[in-house]
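Input: a single structure, listed below in C-alpha cells.
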Amino acid sequence: MIGPLYAERLGRLGGVGNTGAPDDRYDDLVLEGTDAQVTVLPVAGWDAGLPGDESLLQRCRGPVLDAGSGPVRLAAALAGRGVPVLGVDITSQAVPMARLPPGFRGLTGYTTEPYLERWLLVTGVLFLLSALAYAARLRRASRRPRRTD
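For the sequence shown, this note's numbering gives the first residue as 7, with consecutive numbering after it.
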C-alpha cells in the first residue's frame with residue numbers, strides 16, 4: 007500500500023494540507039509501472055479536493071461505503087451533508103490524517119460488515135478498472151512474437 011509512503015513524505019512536508027510552492031516536486035511520490043509509465047502523485051494534496059468531487063458528491067444520496075477512503079476527503083464531505091457514510095481503509099497512516107466532521111464513523115483495517123449490500127460502492131470500481139487494464143496489458147504482452155536468433 008502507498009499509505010506509509012505518503013505518511014513518510016507528509017511528515018517531511020510538515021503535515022497534511024501543506025501548500026508548498028509548486029517547485030517542491032522533489033517531495034512528490036513518483037511511481038514507475040512495469041510498462042515504464044511514470045505517475046507523479048502530489049503528496050501534499052492527498053487530502054485536497056479534485057475537480058470531479060462535487061459532481062460525485064451530488065450523486066451520493068446515501069448510504070455510501072467509501073472503500074479505500076484514505077484521509078476520508080469524500081466521506082467527510084458526505085457526512086457534512088448529512089449522508090450516511092462509512093469510510094474504510096486498511097492504511098493505518100490515513101486515519102490519523104483525517105479531518106472528521108461530528109458524528110462521522112471511521113474505520114481502519116479489514117471489516118466483515120454484514121450489511122455491505124446496503125452501501126453505494128463508489129471507490130472500489132477504480133481498483134477494478136485498474137486491474138482490468140493491467141490484465142489486458144499482460145495479455146497483449148504475452149502475444150508478442152518471440153525472437154528465434
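In this text, a Cβ means the ideal position worked out from N, Cα and C, and glycines have one as well.
Every value quoted in this text rests on a predicted model; they were computed, and no experiment measured them.
Three-way DSSP call (helix, strand, coil) for residue i in this model
i    : result
D41  : coil
A142 : helix
Per DSSP, cross-strand counterpart(s) of residue i
i   : result
A73 : V94
V89 : Answer by DSSP bridge pairing: none, since V89 is not bridged.
Extent of the continuous alpha helix (DSSP H) to which residue i belongs
i   : result
G86 : R79 to G86
L62 : D59 to R65
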